[in-house]
Amino acid sequence: MVNTDLLSWLWQFFSQRGGELSGIVGLSLMVSGSAVIIGAVLGVPLGALLGLKKFPGRELLLRIIYTLMSLPPVLAGLVVYLIFARSGPLGFLDILFTPPVMVIAQVLLATPIITALSSAAIAAKEKLAMDTARTLGASERQAAWMVIKEARTGILAGIMTGFGRAFGEVGAVMLVGGNVRYQTRVLTTSIVLETRQGNYEFAIVLGLILLLLSFVVSSVLLKIDDSKLR
Amino acid sequence: MPEPLFELIDVVKKYDERTVLRVKDLQLDGNKIYAILGPNGAGKSTLLKLLNMLEKPTSGRIIFQGVDLNRAGEAARLRMRRQMCMVLQNTYMFDTSVYQNVAYGLQLRGVRGAELERRVKEALSFVGLSDFGSRRAIKLSGGETQRVALARAVAIRPQVLLLDEPTANLDPDSVALIEKLVRRVHESTGATVLIITHNLFQAQRIADEAILLYNGQVIERAPINQFFTNPQSEITRRFVSGRMVY
Chain A
26 MVNTDLLSWL WQFFSQRGGE LSGIVGLSLM VSGSAVIIGA VLGVPLGALL
76 GLKKFPGREL LLRIIYTLMS LPPVLAGLVV YLIFARSGPL GFLDILFTPP
126 VMVIAQVLLA TPIITALSSA AIAAKEKLAM DTARTLGASE RQAAWMVIKE
176 ARTGILAGIM TGFGRAFGEV GAVMLVGGNV RYQTRVLTTS IVLETRQGNY
226 EFAIVLGLIL LLLSFVVSSV LLKIDDSKLR
Chain B
20 MPEPLFELID VVKKYDERTV LRVKDLQLDG NKIYAILGPN GAGKSTLLKL
70 LNMLEKPTSG RIIFQGVDLN RAGEAARLRM RRQMCMVLQN TYMFDTSVYQ
120 NVAYGLQLRG VRGAELERRV KEALSFVGLS DFGSRRAIKL SGGETQRVAL
170 ARAVAIRPQV LLLDEPTANL DPDSVALIEK LVRRVHESTG ATVLIITHNL
220 FQAQRIADEA ILLYNGQVIE RAPINQFFTN PQSEITRRFV SGRMVY
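These protein sequence lines map, in sequence, to chains A and B. In this text, residue positions in the first sequence follow our numbering: the first is 26, and each later residue adds one. In this text, residue positions in the second sequence follow our numbering: the first is 20, and each later residue adds one.
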């Protein structure tokens with residue numbers, strides 16, 4: 026049975042705060058989406074290099090990346106804050122408390138995850154897929170590309186995990202974004218704020234929207250993965 | 020006398036400091052089926068990988084159709100590798116359709132459109148898997164996987180077919196089918212086939228010549244009947260009579 030109180034509450038809620046909510050959702054998707062795209066552009070090729078090639082310093086680089094996978098968001102935020110604060114080395118850019126610096130903070134969080142999971146996925150396929158492609162006449166570059174294609178599920182899992190990390194974190198965007206209404210407020214920082222103010226219903230709605238969006242993004246990425254069987 | 024297809028001169032292959040292959044002189048002629056025999060660790064797979072240019076020898080020369088592979092540039096090596104096809108011991112199917120698996124080698128050689136489709140279908144028909152084109156390759160059974168691996172090779176129409184234990188772990192029906200297909204490939208295209216096998220009966224059934232490797236060295240190379248009925252080496256005698264203790 027439909028709860029009419031709930032429906033009327035939702036109606037009232039969306040009519041009063043729908044505009045603000047859509048802005049928060051849009052900014053959240055824009056910031057985390059941009060961070061993951063940049064993280065994938067940086068992380069997948071680096072992961073491919075680490076997965077396919079043996080070179081001096083590879084082990085050390087892998088260890089650093091694995092360490093950065095567990096970088097606390099608030100620490101990432103602090104580092105970015107210090108860099109872009111007025112007295113920091115890039116303070117002259119004057120972008121602290123704006124969405125671009127929030128993207129940079131989330132790139133720091135997402136890229137190590139995308140790199141490490143891509144590298145592991147590619148390394149797992151490297152020997153057999155590479156040799157098979159070469160036996161069929163692939164050049165080194167063609168064989169490497171085939172290995173990356175074969176590792177696509179693992180790479181997508183890395184991108185999804187990276188997105189989850191960026192979309193769900195609160196410490197970094199709170200520090201560098203400042204949670205400014207209509208400007209840098211995203212879903213996670215809104216949840217913190219609304220909870221502190223005792224607006225639990227709004228906080229729960231925001232939480233549900235966050236989960237729903239994560240579900241939609243994951244479904245789209247999995248659909249891309251399925252399409253490889255042509 | 021015709022030029023040998025392959026010639027190996029003082030070829031040594033080492034992994035770290037361990038020597039796994041040491042071939043002083045070996046010539047392989049075209050249009051024959053060779054059975055490569057020997058116990059595990061004898062250097063059989065290494066030999067095929069060197070011939071297929073998947074690996075480079077530590078020292079020595081491998082000459083293919085008169086060209087020294089050491090002196091050939093990357094482009095030339097790729098061109099020569101594309102005249103061969105190797106089916107690896109651990110057959111790997113790309114995670115896509117059977118059709119795409121078979122088409123891959125042809126696409127690398129620039130075959131497109133109707134010609135591509137015709138040759139893929141022809142290859143699948145050859146191995147008796149005409150209806151398998153749209154199946155997901157990684158979901159096939161062991162026997163079907165080996166047949167698709169053979170179809171990938173057949174589609175390319177290689178001059179040299181290198182098979183590393185293509186019937187290992189298959190049931191007797193699948194073994195018989197793969198053997199029949201290997202012979203048909205050889206007879207219909209004239210491809211030289213090098214097949215690694217632990218099955219001495221299989222070697223007798225399909226090969227023209229046998230090469231026995233032991234501790235990385237060629238112990239004996241002889242026409243198949245002579246190899247089994249009148250072996251020259253004591254090691255070969257022990258091997259064919261099943262008395263070799265590995």
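Note that the Cβ used here is the ideal one computed from N, Cα and C, for glycine as well.
Residue i to residue j span [Cα, whole Å]
| i | j | result |
| --- | --- | --- |
| residue 175 of chain A | residue 178 of chain B | 28 Å |
| residue 46 of chain A | residue 137 of chain B | 57 Å |
| residue 73 of chain A | residue 174 of chain B | 30 Å |
| residue 116 of chain A | residue 122 of chain A | 12 Å |
| residue 205 of chain B | residue 54 of chain A | 59 Å |
| residue 89 of chain B | residue 76 of chain B | 9 Å |
| residue 83 of chain A | residue 130 of chain B | 38 Å |
| residue 129 of chain A | residue 78 of chain B | 51 Å |
| residue 85 of chain A | residue 144 of chain A | 14 Å |
| residue 28 of chain B | residue 155 of chain A | 28 Å |
| residue 159 of chain B | residue 230 of chain B | 33 Å |
| residue 108 of chain A | residue 114 of chain A | 6 Å |
| residue 225 of chain B | residue 170 of chain B | 19 Å |
| residue 262 of chain B | residue 219 of chain B | 13 Å |
| residue 53 of chain B | residue 163 of chain B | 24 Å |
| residue 112 of chain B | residue 33 of chain A | 56 Å |
| residue 97 of chain B | residue 182 of chain A | 34 Å |
| residue 177 of chain A | residue 58 of chain B | 38 Å |
| residue 255 of chain A | residue 116 of chain B | Caution applies to residue 255 of chain A, whose pLDDT of 43 falls short of 50 and renders its modelled position unreliable; the model cannot decide the point. |
| residue 71 of chain A | residue 88 of chain A | 14 Å |
| residue 52 of chain A | residue 197 of chain B | 60 Å |
| residue 196 of chain A | residue 98 of chain A | 5 Å |
| residue 149 of chain B | residue 120 of chain B | 14 Å |
| residue 166 of chain A | residue 246 of chain A | 26 Å |
| residue 227 of chain A | residue 39 of chain A | 10 Å |
| residue 36 of chain B | residue 60 of chain B | 15 Å |
| residue 215 of chain A | residue 231 of chain A | 8 Å |
For residue i: DSSP bridge partner residues
| i | result |
| --- | --- |
| residue 87 of chain B | B:82 |
| residue 38 of chain B | B:33 |
| residue 25 of chain B | B:47 and B:83 |
| residue 53 of chain B | B:213 and B:228 |
| residue 180 of chain B | B:104 and B:212 |
| residue 241 of chain B | B:229 |
| residue 155 of chain B | B:116 |
| residue 236 of chain B | B:233 |
Of the listed residues the options, nearest to residue i (C-alpha basis)
| i | options | result |
| --- | --- | --- |
| residue 187 of chain A | A:206, A:56 and A:31 | A:56 |
| residue 184 of chain B | B:50, B:40, B:43 and B:65 | B:65 |
| residue 87 of chain B | B:25, B:134, B:53 and B:147 | B:25 |
| residue 303 of chain B | B:56, B:39, B:50 and B:80 | Nothing in the structure corresponds to residue 303 of chain B, since chain B is present only between 20 and 265. |
| residue 42 of chain B | B:235, B:260, B:240 and B:140 | B:235 |
| residue 30 of chain B | B:22, B:47 and B:80 | B:80 |
| residue 245 of chain B | B:227, B:83 and B:262 | B:227 |
| residue 50 of chain B | B:72, B:44, B:209 and B:233 | B:209 |
| residue 131 of chain A | A:81, A:159, A:59 and A:78 | A:59 |
| residue 95 of chain B | B:106, B:194, B:39 and B:82 | B:82 |
| residue 23 of chain B | B:39, B:37 and B:85 | B:85 |
| residue 241 of chain B | B:48, B:144, B:32 and B:21 | B:48 |
| residue 110 of chain B | B:254, B:141, B:72 and B:181 | B:181 |
| residue 32 of chain B | B:73, B:46 and B:21 | B:73 |
| residue 139 of chain A | A:209, A:191, A:30 and A:160 | A:191 |
| residue 62 of chain B | B:165, B:260, B:238 and B:248 | B:238 |
| residue 243 of chain A | A:150, A:75 and A:180 | A:180 |
| residue 76 of chain A | A:146, A:48, A:101 and A:90 | A:146 |
Neighbour list for residue i in chain A, Cβ cutoff strictly below 8 Å
| i | result |
| --- | --- |
| residue 109 of chain B | 153 |
Under 9 Å from the C-beta of residue i: neighbouring residues of chain B
| i | result |
| --- | --- |
| residue 159 of chain A | 71, 72, 73, 100 and 105 |
Within chain A, the residues that residue i reaches when beta carbons sit closer than 9 Å
| i | result |
| --- | --- |
| residue 175 of chain B | 161 and 162 |
| residue 113 of chain B | 154, 157, 158, 171, 174 and 175 |
Cross-chain neighbours of residue i in chain B, by beta carbon under 7 Å
| i | result |
| --- | --- |
| residue 156 of chain A | 73 and 107 |
Contact list for residue i against chain A, beta-carbon separation under 7 Å
| i | result |
| --- | --- |
| residue 171 of chain B | 161 |
| residue 180 of chain B | Simply none; closest approach about 10 Å. |
| residue 97 of chain B | 164 |
Cβ-based contacts, 8 Å cut-off: residues of the region 118-134 of chain B near chain A
Identification of residues in the region 118-134 of chain B having a C-beta nearer than 8 Å to some C-beta of chain A yields 119, 123, 124, 127 and 128, given in sequence order.
If you measure beta-carbon to beta-carbon, which residues of the region 69-81 of chain B are closer than 9 Å to chain A?
When C-beta distances to chain A are compared with 9 Å, the residues of the region 69-81 of chain B below that value are 71, 72 and 73, in chain order.
So if I threshold CB-CB distances at 9 Å, which residues from the region 161-189 of chain A count as touching chain B?
Among the residues of the region 161-189 of chain A, those with a Cβ less than 9 Å away from any Cβ of chain B are 161, 162, 163, 164, 165, 167, 171, 174, 175, 177 and 178, in the order of the chain.
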